[in-house]
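I have placed the structure first, in the form of structure tokens, so that the comments after it can refer back to it.
There are 2 protein chains.
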Amino acid sequence: MDLKQLGEFGLIRRISREFSVPAGVTGIGDDCAVLPQQDGLSTLVTTDMLVEGTHFLSSDISPYRLGWKSAAVNISDIAAMGGAPRGSFLAFALPKGLDSTWTDEFVRGYKEASLLSGTPLLGGDTTASPDRISICVTVIGDCPSGREVRRSGARTGDLVCVTGALGDSAGGLRVILDGIPRSADEEALVDRHYRPVPKVAEGQAIAKAGASAMMDISDGIGSDLQHILDASGVGAEIDCKAIPTSAQLRRCAGRHGWDTEALAIDGGEDYELLFTIDPAAVDSPAFPCHVIGRIVDGDSVTWLHSASGRHQGYKHF
Amino acid sequence: MDLKQLGEFGLIRRISREFSVPAGVTGIGDDCAVLPQQDGLSTLVTTDMLVEGTHFLSSDISPYRLGWKSAAVNISDIAAMGGAPRGSFLAFALPKGLDSTWTDEFVRGYKEASLLSGTPLLGGDTTASPDRISICVTVIGDCPSGREVRRSGARTGDLVCVTGALGDSAGGLRVILDGIPRSADEEALVDRHYRPVPKVAEGQAIAKAGASAMMDISDGIGSDLQHILDASGVGAEIDCKAIPTSAQLRRCAGRHGWDTEALAIDGGEDYELLFTIDPAAVDSPAFPCHVIGRIVDGDSVTWLHSASGRHQGYKHF
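These protein sequence lines are chains A and B, in that order. The first sequence begins at -13 in the numbering used here and counts up by one. The second sequence begins at -13 in the numbering used here and counts up by one.
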């Protein structure tokens, strides 16, 4: 069986069943691994690989933006559990002929995204690649033990919420791929695609408010929400009309004939937080909170008021 | 300036000067980053990238051996600071057409190397690559705060020691690359090349004994020792005749006309530990200890009784 047949999640299951995990430790299957320490804090760890030709094309993304994104998406995984990032580790394989201005610009973007949450670069690895650029970023963080918000805690009756507008990043990608001329609206979407902002303070506030489950939206809620449902053993009803979208996205959709709902649900990489929480906790929340549905008995999503029916996220294999 | 001119260490310096590191934290420049916790332990973190075509050829190394090596070399970095590994994170980018038996075999080797030190796999990332396999492993561990052994503590008068025979891995690589027919001796060297054993218990015992500086030997002592000297601001005299080599290596060297000393000094990937320690601490050591020289005032290595003069390690760019 090749990996395309096995699929990303099939492969992860196949690997994770080979390893037993110490008591109290959360291993594979959430945004971060969680390792309780002895001082009331838990260490959070996340890692991500980006490969030229799969995740980016050097002709399409500047090293500055790539650096930004590499840091941001991993810091976002710490945010998605309600943690505080403590440091990042940057490993990359680079072609020997690459000019050092490329790495300077990459590091400039990486640094700017890291400084938004005060995350220092603490280590890494630099090595040569025969051709393509590969980047692997690891971020460690911590949070009070027991307060880390997993994917598995959603309960029937909880609200399903997101921290902000969805679909902008996917809209930005359409602008890039279709070579659409850019007014301020299109530029704003492209910037959201290239420079996502990890919701670190928001994630900590949501965790403090007692969210039952949380993750960041990397593949699109069409598939990301299903991870929460699978881990929690519940279903959800989502009101497609309640999903927040930006004025820029709606204007661009009108201008270029896009399906806003499809971009908001199936489009990934917004890095907003998706969370479930008791209705009483969002009466006057101290964090951005758009209610888009609720958790119900079941095992899948019912999309209410949807024009386009069932939705799928991005498949890696 | 391209990266070949800048060099690996030039690039690292260029990146690390961009980031400030919180007080008490050790960032770039040692085997691991060191983050003190509040409970008297320090968290250690190390990460390494392996790319097909630079670090391995799929035609030359089985997925089982590659999996072993990927885990072992990172666990070795934790050992090199005297720490206990707590968990590993495996990110890889794989071509879509790769058969799942490849990942099964890779994971089998990874698991066997991990189990030597009881290190669980706690997370990672699996993604598609257009062609080459890229692997990035991160290992976290811990050690009592202040007992982590850095590269920077060597003092004039300390002994320079290694935990075991050097050059076997480089000899094994010669066997592979030159297609040399294999008797038991050659097989043993090839196995040392493909299945290095991280010296975790040894590293902890050496740390407990008060070693002043330590690192694992990945590039060969010819260049690795210089890292300790640079970090510590000292020099060293090494007695080339005191460098331990295995009987297998010496027999193979005789058989195939190899320069044993060059393999032992310039050959990397033995993953023995190189450490400096007060002479009084090695009277009856509770760890493997071969004294190969001593730390002196200065800034470089003097190779005594050497047939081949000054030595260089492997350059990544």
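We put the CB at the ideal spot given by N, CA and C, even for glycine.
Reduced DSSP secondary structure (H/G/I, E/B, other) of residue i
i	result
S74/A	strand
D17/A	coil
I207/B	helix
P116/A	coil
T262/A	strand
S86/A	helix
R241/B	helix
Q298/A	Residue placement at Q298/A cannot be trusted, given a pLDDT of 44 that sits under 50; what the coordinates show is reported in the next sentence. Of the three classes helix, strand and coil, the one that applies to Q298/A here is coil, per DSSP.
A222/B	strand
V135/B	coil
S2/B	helix
T32/A	strand
V125/A	strand
D(-12)/A	strand
T288/A	strand
R160/B	helix
V146/A	strand
G10/A	coil
F303/B	Bear in mind that a pLDDT of 46 at F303/B, under 50, signals an unreliable position, so the number given afterwards is only what the model happens to contain. Here F303/B sits in coil by DSSP.
R236/A	helix
R94/A	helix
L101/A	helix
G(-4)/B	helix
I251/B	helix
Residue burial classification, residue i (beta-carbon count within 10 angstroms, cutoff 16)
i	result
P8/B	exposed
D283/B	exposed
R51/B	buried
T33/B	buried
R3/B	exposed
Q24/B	exposed
R(-1)/A	exposed
L290/B	exposed
R137/A	buried
H242/B	exposed
K55/B	buried
D164/A	exposed
L(-3)/A	buried
L43/A	exposed
M(-13)/A	exposed
S209/B	buried
G196/B	exposed
Q(-9)/A	exposed
L235/A	buried
D285/A	exposed
S45/B	exposed
G240/B	exposed
D245/B	exposed
is_contact[residue i, chain B] using C-beta, thresh 8 Å
i	result
E4/A	yes
V220/A	no
L21/A	yes
E98/A	no
F273/A	no
K82/A	yes
E(-6)/A	yes
S115/A	yes
G139/A	no
G13/A	yes
L102/A	no
R72/A	yes
Interface flag, residue i vs chain A, CB-CB below 8 Å
i	result
C122/B	yes
F75/B	yes
Q24/B	yes
T89/B	yes
R118/B	yes
F78/B	yes
L(-11)/B	yes
Amino acids of chain D, ordered along the chain, whose beta-carbon sits closer than 7 Å to that of residue i
i	result
P8/B	Of the protein chains in the structure, A and B, none is chain D.
Tell me, please, whether the region 219 to 230 of chain B touches the region 108 to 126 of chain B by the rule of three or more beta-carbon pairs shorter than 8 Å. Here the region 219 to 230 of chain B makes no contact with the region 108 to 126 of chain B; the two share fewer than three CB pairs at distances below 8 Å.
Which runs of the beta strand (DSSP E), 3 residues or longer, sit entirely within the region 165 to 220 of chain A? If only complete runs of 3 or more residues are kept, the region 165 to 220 of chain A shows the beta strand (DSSP E) at 199 to 202, in order along the chain.
Any alpha helix (DSSP H) of 4 or more consecutive residues that is wholly inside the region 37 to 73 of chain B: If we require 4 residues or more, the alpha helix (DSSP H) runs fully inside the region 37 to 73 of chain B come out as 49 to 65.
Please determine if the region 76 to 85 of chain A and the region 200 to 210 of chain A are in contact, where contact requires at least 3 C-beta pairs separated by less than 8 Å. Verdict: no, contact absent.
Taking 8 Å as the threshold, find out whether the region 189 to 198 of chain B comes into contact with the region 236 to 254 of chain B through three or more Cβ pairs. The answer is no - the region 236 to 254 of chain B does not touch the region 189 to 198 of chain B, with fewer than three Cβ pairs under 8 Å.
Contact between the region 153 to 163 of chain A and the region 173 to 180 of chain A (3+ Cβ pairs under 8 Å): With the cut-off at 8 Å, the region 153 to 163 of chain A and the region 173 to 180 of chain A touch.
Mind the definition here: the region 56 to 66 of chain A touches the region 10 to 21 of chain A only if three or more C-beta pairs lie below 8 Å; say whether that holds. A contact exists between the region 56 to 66 of chain A and the region 10 to 21 of chain A.
Could you say if the region 68 to 75 of chain A and the region 128 to 137 of chain A meet the contact criterion of at least three C-beta pairs nearer than 8 Å? Using a Cβ-Cβ distance cut-off of 8 Å, the region 68 to 75 of chain A and the region 128 to 137 of chain A are in contact, since at least three pairs of beta carbons, one from each stretch, lie closer than that value.
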